[in-house]
DNA sequence: CATTTTATGTCAGCCTTGTTGACATTCCAA
DNA sequence: TTGGAATGTCAACAAGGCTGACATAAAATG
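Chains as they are written, first to last, in the numbering used here: chain A, 460 to 641; chain B, 460 to 641.
Printed below as a string of structure tokens:
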């Protein structure tokens, strides 16, 4: 067995992924060492991914949690608190702390729901939108550079693997972005 | 302008990534919406990425920081504290707290350096290696599933983009895994 | 209409994990 | 011998998770 990769898992005998063209040494991408490299790549890349916005945030007295809130409020204007909780995957107490400071500081506006008055609809103020844009632009710049360096094919693969790595319920949240007005 | 993607950045006019085969609509992968989707994909995927080991960790009274320490001690047996600090990117006080509990609990052994006796060389004990394997296996299982679902080409692209996203100094740490004894 | 459920907010307290600053120890190297 | 590097430790603090308990308003349901 020359090029055949050593595999440790049992598994249901290779369910043949979509891009698995020819057989044989293609299994190398499932080697334990390959997987391990992928794990470390995720760890290190995520650090880079958050580094730039983190700098802006600390300089303004905010944290990563504020960034996440701003991002998703911007993504879906008028989203409710419950909705945000589901997407962010934190407790309402935790989110509330973050949200309160953002509202106090005038970055986020909380309007009572029109159909259901129990709900609060969340919007970015002009100031909030400005900060969100700064954070997002810093992060986008790095991702854009990475995309450009890697090329379109790599980007497609990148997205495929990431999507496959998500939890199922989350994947639906992720996909709702397609319904977004540009 | 039919298929031409709307780009926001100035940038040095498309430095032609390696895989950028034909011109034109390939630039779609640099659209703001594409970049935004990539950002969210990173966020959601990272959550999935850490979910499984996190469950094990909490059940054992440890946190993600312990996992990271175990992982990198396992990756390079006998690494020094300073070395670990550089890779993990935290302060020595923060690492020390984590390391101390691992040593007290008998998962990690700290031996005084042979050439430089100021240094401590860190090793996993049998018990530590067992936990590391459990954590790592949970995480690998998910990544393996994602890899299998996406296929080898996608995996290659995944890794390319992640690597391009890292900070420069970190990328070297990442690449040292190639020198690893299997 | 009375009751229950839902959405949200808030208080209090706890944990992990990051931070700074100060200081002690050990020991290599100039 | 002395300066500086590597390491450890103590203390204090902050962000941001968590749980539990409780309050309020409004919708939903009987």
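Glycine residues also receive a C-beta, built at the ideal position from the N, C-alpha and C atoms.
Would residue 581 of chain B and residue 538 of chain B be called neighbours here (beta carbons separated by less than 7 Å)?
Position 122 of the second chain, counting from 1, holds the residue named residue 581 of chain B. Position 79 of the second chain, counting from 1, holds the residue named residue 538 of chain B. Their beta carbons are under 7 Å apart, which means residue 581 of chain B touches residue 538 of chain B by this criterion.
By the 10 Å Cβ neighbour count, where 16 or more other Cβ atoms means buried, how is residue 628 of chain B classified, buried or exposed?
Stepping through the second chain from its first residue, residue 628 of chain B is reached at position 169. Per the 10 Å Cβ criterion, exposed.
Any beta carbon from chain B within less than 7 Å of residue 522 of chain A's own beta carbon?
Residue numbering aside, residue 522 of chain A sits at position 63 when the first chain is read from its first letter. It does not: the Cβ of residue 522 of chain A has no partner Cβ on chain B nearer than 7 Å.
Bounding residues of the beta strand (DSSP E) (the contiguous stretch that carries residue 570 of chain B):
Within the second chain, the letter at position 111 stands for residue 570 of chain B. It spans 567-571 - the beta strand (DSSP E) in which residue 570 of chain B sits, taken as one unbroken run.
Pick from B:607, B:615, B:630: whose alpha carbon is nearest that of residue 624 of chain A?
For the purposes of this step, residue 624 of chain A is taken as the residue at position 165 of the first chain. Checking every option, the nearest Cα to that of residue 624 of chain A belongs to B:607.
Suppose only complete runs of 4+ residues qualify. What are the alpha helix (DSSP H) ranges in the region 518-542 of chain B, listed by chain order?
523-534
Could you work out which residue in A:603, A:495, A:527 is closest to residue 553 of chain A when comparing CA atoms only?
For the purposes of this step, residue 553 of chain A is identified with residue 94 of the first chain, where counting begins at 1. The candidate whose alpha carbon is nearest that of residue 553 of chain A is A:527.
Would residue 485 of chain A pass as a contact of residue 512 of chain B if the rule is Cβ separation under 7 Å?
Counting from one through the first chain, the residue named residue 485 of chain A turns up at place 26. Counting from one through the second chain, the residue named residue 512 of chain B turns up at place 53. No.
Could you list the residues in the region 493-526 of chain A with a C-beta less than 8 Å from some C-beta on chain B, going in chain order?
493, 494, 495, 496, 497, 498, 499, 500, 501, 502, 503, 504, 505, 506, 507, 508, 510
Under a Cβ-count criterion, where at least 16 other Cβ atoms within 10 Å of its own Cβ denotes burial, should residue 595 of chain A be classed as buried or exposed?
Within the first chain, numbered from 1, the residue matching residue 595 of chain A stands at position 136. It counts as buried.
Per DSSP, what are the beta-bridge partners of residue 621 of chain A in this structure?
Sequence index remark: in the first chain, residue 621 of chain A carries index 162 (1-based). Paired residue(s): none; residue 621 of chain A is not in a bridge.
Residue 529 of chain A versus chain B: which residues are under 8 Å apart at the beta carbon?
Reading the first chain from its first residue, position 70 is the one you call residue 529 of chain A. Under the 8 Å cutoff, chain B gives no residues; its nearest Cβ is about 13 Å from residue 529 of chain A.
Taking a Cβ distance cut-off of 7 Å, strictly less, list which residues of the region 570-592 of chain A are near chain B, in chain order.
none
Note down, in chain order, every chain A residue with its Cβ under 9 Å from the Cβ of residue 557 of chain B.
As a working mapping, residue 557 of chain B is identified with position 98 in the second chain. None at all; the shortest Cβ gap to chain A is about 16 Å.
Which one or two residues does DSSP pair with residue 581 of chain B in a beta bridge?
Within the second chain, the letter at position 122 stands for residue 581 of chain B. Answer by DSSP bridge pairing, in chain order: B:538, B:569.
Taking 7 Å as the CB-CB limit, is residue 485 of chain A close to chain B?
Counting from one through the first chain, the residue named residue 485 of chain A turns up at place 26. For residue 485 of chain A, the answer is yes, since a Cβ of chain B falls inside 7 Å of its Cβ.
Among B:515, B:578, B:573, B:518, which one has its Cα closest to the Cα of residue 543 of chain B?
The count along the second chain starts at 1 and reaches residue 543 of chain B at position 84. Considering only alpha carbons, the answer is B:578.
Considering residue 559 of chain A, what are the terminal residues of the alpha helix (DSSP H) in which it resides?
To locate residue 559 of chain A, count along the first chain from 1; it is residue 100. First-last of the alpha helix (DSSP H) with residue 559 of chain A: 551-563.
On the DSSP letters alone, give me the boundaries of the alpha helix (DSSP H) that residue 631 of chain A sits inside.
Taking the first residue of the first chain as 1, we reach residue 631 of chain A at position 172. Start and end: 627-634.
In chain B, what lies closer than 8 Å to residue 489 of chain A by C-beta?
Locating residue 489 of chain A in the first chain gives position 30, counting from the first residue. Neighbours of residue 489 of chain A on chain B, chain order: 603, 606, 607.
In whole angstroms, what separates the C-alpha of residue 505 of chain B from that of residue 583 of chain A?
Along the second chain, one-based indexing puts residue 505 of chain B at 46. Along the first chain, one-based indexing puts residue 583 of chain A at 124. Going from the Cα of residue 505 of chain B to the Cα of residue 583 of chain A covers about 26 Å.
Do you know offhand how far residue 498 of chain B's Cα is from residue 613 of chain A's?
The residue you call residue 498 of chain B lines up with position 39 of the second chain. The residue you call residue 613 of chain A lines up with position 154 of the first chain. About 15 Å.
Beta-carbon neighbours of residue 614 of chain A, restricted to chain B and to distances below 8 Å
Within the first chain, residue 614 of chain A is the residue found at index 155, counting from 1. By Cβ distance, chain B contributes 488, 493, 497, 616, 620.
Taking the C-alpha atoms as reference points, what is the distance between residue 481 of chain B and residue 508 of chain A?
Position 22 of the second chain, counted from the start, is the residue given in the question as residue 481 of chain B. Position 49 of the first chain, counted from the start, is the residue given in the question as residue 508 of chain A. Its pLDDT being 43, under 50, residue 481 of chain B is placed unreliably in this model, and the coordinates cannot settle the point.
Closer than 8 Å between beta carbons: that is the criterion. Which residues of the region 544-555 of chain A meet it against chain B?
548
Using the rule of at least 16 other Cβ atoms within 10 Å of the residue's Cβ for burial, across every protein chain shown, is residue 500 of chain B buried or exposed?
Taking the second chain and counting its residues from 1, one reaches residue 500 of chain B at position 41. Buried: at least 16 other Cβ atoms inside 10 Å.
Which residues in the same chain as residue 570 of chain B place their Cβ atom closer than 6 Å to its Cβ, once the five residues preceding and following it in sequence are excluded?
Indexing the second chain from 1 puts residue 570 of chain B at position 111. If we look at residue 570 of chain B and ignore the five residues flanking it on each side, its Cβ neighbours are 580.
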